[in-house]
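Protein chains in written order, with the numbering used here: chain S, 1 to 141; chain Y, 1 to 141; chain U, 1 to 141; chain P, 1 to 141.
Data first, discussion second: the structure below is written as structure tokens.
4 protein chains.
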Amino acid sequence: MQPKMTAEAVTAFLTSVFPLAAGFVQIESVGPMVARLRKPVGAQNLRPGGTVSGPTMFTLADTAFYVATLAMIGPEALTVTTSVTINFLSKPPGDADLVAEARILKLGRVLSVGEVTIFSDGRDDGPVAHAAVTYAIPPKR
Amino acid sequence: MQPKMTAEAVTAFLTSVFPLAAGFVQIESVGPMVARLRKPVGAQNLRPGGTVSGPTMFTLADTAFYVATLAMIGPEALTVTTSVTINFLSKPPGDADLVAEARILKLGRVLSVGEVTIFSDGRDDGPVAHAAVTYAIPPKR
Amino acid sequence: MQPKMTAEAVTAFLTSVFPLAAGFVQIESVGPMVARLRKPVGAQNLRPGGTVSGPTMFTLADTAFYVATLAMIGPEALTVTTSVTINFLSKPPGDADLVAEARILKLGRVLSVGEVTIFSDGRDDGPVAHAAVTYAIPPKR
Amino acid sequence: MQPKMTAEAVTAFLTSVFPLAAGFVQIESVGPMVARLRKPVGAQNLRPGGTVSGPTMFTLADTAFYVATLAMIGPEALTVTTSVTINFLSKPPGDADLVAEARILKLGRVLSVGEVTIFSDGRDDGPVAHAAVTYAIPPKR
């Protein structure tokens, strides 16, 4: 199955319907059942100790899976998260971008289920977080 | 087991070490193994459709469990989230506060494990989100 | 909302359509959005160290939420688990029953979402496991 | 990092300390941070509708991650599951083996965190279940 939207089309759609999400990340690429996003880290993303906050990584995981799903099903702003499990694996340094790789495992009529792995750019000792994500797809009008 | 810190003491601690978290919520109360927080909802917390965004509810759940745990163990800024599972149950309206009730189920030497239930203030048809949360407690120096 | 089935009716239904599940547990009670089950522990439920195995507790949580949901919606054998997050809190001794308390947080048209707390009978130091559970309800024929 | 145990060594260890787990599955292979297991499906693994039960898939995911972790750290029977999130993606037919691929994402001193993807042997339309798993590693004596 090929995506119905390019990275540029998803970025334009997000910018129009959800500007906060569009400003939060850069969509690097989308492909069949996958998407790759980059999150530049700033002061407002840090927590005590100078590492990236959990909510920043959650937002990145949630957005990455939204993008992977939108690219496959086409522009459906009302697609909503129903469930996320996120495991924080190691503390990402506050001076490197985060990179998220989203992968859809099952794209059904009602639910899109998959996972997102988050890396700290330039580190090669494994991911910093991993999420299992489920989105509900609104019924066709 | 009684908490080691009052709601006021946790608020003062958060304000000093994690001002972003302190500005995000109001700590209404803490008690033995529990905490109650309030999140006023603003435009930056909304998503398409005018409901509260998933990251806002995640941040509230994460912060509420941090507060419940800090109140029990005392000021340990480096206590970090290791895992969160959040289920989004219904769409909270964008014009009402969120209220979070955190409850610790197991407070061990290394991990604090529990749950957070989030309500939309003034609605009586059940919670809008529920999270299972685990925090790692840093070893004593 | 009152349940459509009693504990006896759910037990009879399970015995007819899912005898393995019926033999696994005893349904102690059902009520509005809740159910309470008891699991007698035997040698086949233990793991190294003499404590109850994770799969035994998972099966109990899964069954307890199935029972709570069936009682509310009526006999629908094809109701299936879509997602479970289970946190193991402390090791239950191998010589005590387990007791599960299931609670539905959101009973929608398509999904039933809630939680199950598992105790070791006779221990008063908190639950031994906690699960967040989602079931899919089959469409009406 | 290379595993400390072969598939045969893990099988022998399981057979000696946890015969129920050893009888439940076949360990096909272990490698650096990974393991692959096969579960022959029998009548006791089915649920109404003739598909494989959730507890069977949970037990397979839990065992597969236990095997992947044991192979890396060496024989530590008291390594225990602390948390599992399992998403059921599609109903596996009752007449095909299940195959589980476990992957460790972070092997720390205290926790092993990763994921398990379960396939129905011979089907090529994606996994039937996916789990995020955390094990606690006992302290060295």
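Every residue gets a Cβ at the ideal spot worked out from N, C-alpha and C, and that includes glycine.
None of these values were measured; they are calculated from a predicted model.
- Collapsing the DSSP output to three states places Gly122 (chain U) in coil.
- At a cut-off of 8 Å between beta-carbon atoms, Gly126 (chain P) makes contact with chain S.
- Judged by DSSP secondary structure, Ala77 (chain P) falls outside any alpha helix (DSSP H); it is assigned neither H nor E.
- Across the set U:Ile27, U:Arg47, U:Pro40 and U:Met33, the C-alpha of U:Ile27 shows the shortest separation from the C-alpha of Ala12 (chain U).
- Within the same chain, Cβ atoms closer than 6 Å to the Cβ of Phe119 (chain P) are found at Val99 and Pro127, the five residues on either side in sequence being excluded.
- Within chain Y, Thr85, Asn87, His130 and Ala132 have C-beta atoms less than 7 Å from the C-beta of Ala132 (chain U), given in sequence order.
- By a beta-carbon distance limit of 8 Å, Phe65 (chain U) contacts Gly114 (chain U). Their separation comes to about 6 Å.
- Taking 9 Å as the cut-off between beta carbons, the residues of the stretch 105 to 121 of chain S near chain U are Val110, Leu111 and Val113, in sequence order.
- Here Thr15 (chain S) carries a helix assignment [DSSP, helix/strand/coil].
- Neighbourhood of Gly50 (chain S) in chain Y, by CB distance below 9 Å: empty, with the nearest CB roughly 11 Å away.
- Taking a Cβ-Cβ threshold of 8 Å, the residues of chain S close to Val17 (chain Y) are Pro48, in chain order.
- Chain U places a beta carbon closer than 8 Å to that of Ser90 (chain Y), counting this residue as a contact.
- Excluding five sequence positions before and after Ala132 (chain Y), the CB atoms of its chain that fall closer than 6 Å to its own CB belong to Thr85 and Glu115, given in chain order.
- In the structure shown, the three-state DSSP call for Pro55 (chain P) is helix.
- Membership of Gly31 (chain U) in the beta strand (DSSP E) is indicated by the continuous run Gln26 to Gly31.
- The C-beta of Leu78 (chain Y) has fewer than 16 other C-beta atoms within 10 Å across all chains shown, which makes the residue exposed.
- At a beta-carbon threshold of 7 Å, the residues of chain Y lying near Gly54 (chain S) are Asp62 and Thr81, ordered along the chain.
- Nearest in C-alpha terms to Met5 (chain S), of all of S:Met72, S:Thr63, S:Thr82 and S:Pro92, is S:Met72.
- Between Asp124 (chain P) and Val41 (chain P), the C-beta spacing is not below 8 Å.
- Considering only U:Ser53, U:Lys39 and U:Arg36, the residue with the shortest C-alpha distance to Asn87 (chain U) is U:Ser53.
- The straight-line gap separating the alpha-carbon atoms of Leu105 (chain P) and Ile137 (chain S) is approximately 29 Å.
- For Val99 (chain U), the uninterrupted beta strand (DSSP E) segment begins and ends at Leu98 to Leu107.
- Beta-bridge partners of Phe88 (chain S) (DSSP): S:Ala129.
- Annotation: Cβ neighbours of Leu20 (chain P) in chain U (cutoff 7 Å, chain order): Gln44.
- Think of a sphere of 9 Å around the beta carbon of Thr59 (chain S): the chain Y residues whose beta carbon falls inside it are Ser53, Gly54, Pro55, Phe58 and Thr59, in chain order.
- When only Cα atoms are considered, Thr81 (chain Y) and Ala9 (chain U) end up about 43 Å apart.
- In this structure, Ala7 (chain U) keeps its C-beta atom at 8 Å or more from the C-beta atom of Leu14 (chain U).
- Separation of Arg103 (chain P) and Arg103 (chain S) (C-alpha to C-alpha, rounded to the nearest whole angstrom) is 16 Å.
- Counting along the chain, Leu46 (chain S) sits inside no beta strand (DSSP E), nor does DSSP assign it H or E at all.
- Rounded to the nearest angstrom, the Cβ distance from Thr51 (chain U) to Pro92 (chain U) is 6 Å, consistent with a contact under 8 Å.
- Note: Glu115 (chain P) is bridge-paired with P:Arg103 and P:Ala132 in the DSSP secondary-structure output.
- Listed in chain order, the non-local C-beta contacts of Ser90 (chain U) below 6 Å within the same chain comprise Val128, local neighbours out to five positions each way being set aside.
- Looking at P:Glu101, P:Thr134 and P:Gly122, the one whose alpha-carbon comes closest to that of Arg109 (chain P) is P:Thr134.
- Interface flag for Leu78 (chain U) against chain P is set, since a Cβ pair is found closer than 8 Å.
- For Val10 (chain S), the secondary structure class from DSSP, reduced to helix, strand or coil, is helix.
- Within the same chain, Cβ atoms closer than 6 Å to the Cβ of Asp121 (chain P) are found at Ala96, Asp97 and Val99, the five residues on either side in sequence being excluded.
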